[in-house]
């Protein structure tokens, strides 16, 4: 049962960014244009995400394997759809459990779907290779991180409300806020990979999201733990993260097996070891040897049955428990699994899928190429941003910032720090919003002497 304080917080979570009031009509949008709309705020969140350009672009962004390699394996879009389905299944399963005492705190089906669909919106082309390249390029200008970019897309970049993204609800943003620590709050940085963060420029937004909670809750929620890692996430975010882990660990394994990249003679033994170490001898009534027979069967129906068993096994193992740290249940409760099940899920994700699939030379060479493409594009746009990107990319709402710089004939690196960071962020936004094919095409246009014409669509 929710506390009286949490019952008061609940309606506050439905309000929209940036002021967390329902936006007034903008260019014909709003209640004045359509009359009475009986949908709930989170249904609007879900609809705006599904119909967004950022969501559509995920169809040609890398999940694990390149988008041009075939039609069987997952892209970021199909991965996000599966995360949404698993997240919804987690919520439904918890609600159906006899004696479950936290139903009032759980997100609605529409809200958890929206959070899951949105969770990868900020990831750039070429997966983690693209993320590393943008992080290195943006290191002195506020950094780059895929989850931080998701917050920026939802609240600022996506075209729905002018400069306010989709005007997301407070609870949607809380659900995608995987790492509630600002980039500038980290005491040390690893130049090889970005810190898990949100951008300093979004600090006011995040503080407004958290303003409904007590001061002690806010301070604890944003605290760094040992190893300079964020310690906390909301209940909704913990559900999304488990759904993401299941999709990554199980469905990406299916991709590798289905394409013949991961073979039983290579990973069958390690899989048996993982189940044995986790103390799992059967799933439902299917023993692990039979499960592996199904997984590696040439019959696609048998393989799909094995994958379904694995997904269902993890979903029904999830429960909700409090940490006894926060006053609000929305922060204190987290979805979790027993340690042995967590071990197995991590083993599938890291020891099998990552090491045996993502770590393969065939995948790493493509990731390296993507990283190089992104680095080259940033260097070119850095040198001549307005000419190569266009004024609209730098100044999308015509505020005059970019044209003023052009009139003064200044190099953007010579600008005052705040203007310089704005320019760099515009370059980063432009590249992060590209799909794999578009980035490859733009790179060829700039660096391949025999490619491109004056009539190409950019």
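Numbering (this note's numbering), first residue to last: 7 to 464.
Just so it is clear, CB atoms sit at the ideal spot from N, CA and C, and this is done for glycine as well.
All figures in this text were calculated on a predicted structure; none of them were measured in a lab.
Residue nearest to residue i in terms of C-alpha spacing, selected from the options
| i | options | result |
| --- | --- | --- |
| residue 270 | 297, 285, 245, 251 | 297 |
| residue 181 | 214, 323, 240 | 240 |
| residue 368 | 322, 126, 262, 244 | 262 |
| residue 334 | 57, 135, 222, 168 | 222 |
| residue 319 | 450, 189, 346 | 346 |
| residue 365 | 135, 200, 307 | 135 |
| residue 385 | 350, 449, 306, 82 | 449 |
| residue 338 | 63, 55, 219 | 219 |
| residue 130 | 423, 387, 373, 427 | 373 |
| residue 343 | 325, 336, 360, 353 | 325 |
| residue 18 | 330, 116, 224, 47 | 47 |
| residue 100 | 340, 360, 361 | 340 |
| residue 260 | 211, 310, 216, 294 | 310 |
| residue 197 | 171, 169, 150, 43 | 150 |
| residue 113 | 161, 64, 163, 51 | 51 |
| residue 453 | 434, 394, 115 | 394 |
| residue 396 | 422, 371, 429 | 429 |
| residue 277 | 295, 102, 65 | 295 |
| residue 7 | 208, 57, 108, 167 | 108 |
| residue 123 | 146, 389, 175, 85 | 85 |
| residue 353 | 389, 214, 283 | 283 |
| residue 245 | 330, 98, 315 | 98 |
| residue 382 | 140, 96, 16, 104 | 140 |
| residue 447 | 145, 376, 103 | 376 |
| residue 424 | 96, 146, 10 | 146 |
| residue 115 | 103, 104, 96 | 96 |
| residue 171 | 57, 266, 9 | 57 |
| residue 321 | 330, 400, 102 | 102 |
CB-CB length for residue i against residue j, believed under 8 Å
| i | j | result |
| --- | --- | --- |
| residue 438 | residue 379 | Rounded, the Cβ-Cβ distance is 13 Å, inconsistent with contact. |
| residue 302 | residue 274 | 7 Å |
| residue 22 | residue 173 | 4 Å |
| residue 158 | residue 205 | 6 Å |
| residue 253 | residue 88 | 5 Å |
| residue 177 | residue 242 | 7 Å |
| residue 350 | residue 286 | 6 Å |
| residue 128 | residue 154 | 7 Å |
| residue 357 | residue 280 | 7 Å |
| residue 336 | residue 111 | 6 Å |
| residue 175 | residue 20 | 5 Å |
Residues bridged to residue i (per DSSP)
| i | result |
| --- | --- |
| residue 167 | 171 |
| residue 341 | 326 |
| residue 288 | 293 |
| residue 188 | 204 |
| residue 236 | 230 |
| residue 104 | Residue 104 pairs with nothing; no bridge assigned. |
| residue 22 | 175 |
CB of residue i within 9 Å of CB of residue j, strictly
| i | j | result |
| --- | --- | --- |
| residue 233 | residue 355 | no |
| residue 431 | residue 190 | no |
| residue 121 | residue 317 | no |
| residue 199 | residue 236 | no |
| residue 226 | residue 238 | yes |
| residue 94 | residue 118 | yes |
| residue 186 | residue 228 | yes |
| residue 441 | residue 67 | yes |
| residue 184 | residue 257 | no |
| residue 433 | residue 402 | no |
| residue 169 | residue 162 | yes |
| residue 59 | residue 142 | no |
| residue 207 | residue 435 | no |
| residue 362 | residue 216 | no |
| residue 188 | residue 209 | yes |
| residue 65 | residue 42 | no |
| residue 211 | residue 24 | yes |
| residue 264 | residue 306 | yes |
| residue 315 | residue 290 | yes |
| residue 83 | residue 106 | no |
Could you tell me which uninterrupted alpha helix (DSSP H) segments, each at least 4 residues in length, are contained entirely in the stretch 106 to 172, listed from first to last along the chain? Taking only runs of at least 4 residues, the alpha helix (DSSP H) segments lying wholly in the stretch 106 to 172 are 115 to 124, 133 to 143, 152 to 158.
Pick out the complete alpha helix (DSSP H) segments inside the stretch 373 to 407, 4 residues or longer, and give them in chain order. Within the stretch 373 to 407, complete alpha helix (DSSP H) segments of at least 4 residues are found at 391 to 395, 397 to 400, given in chain order.
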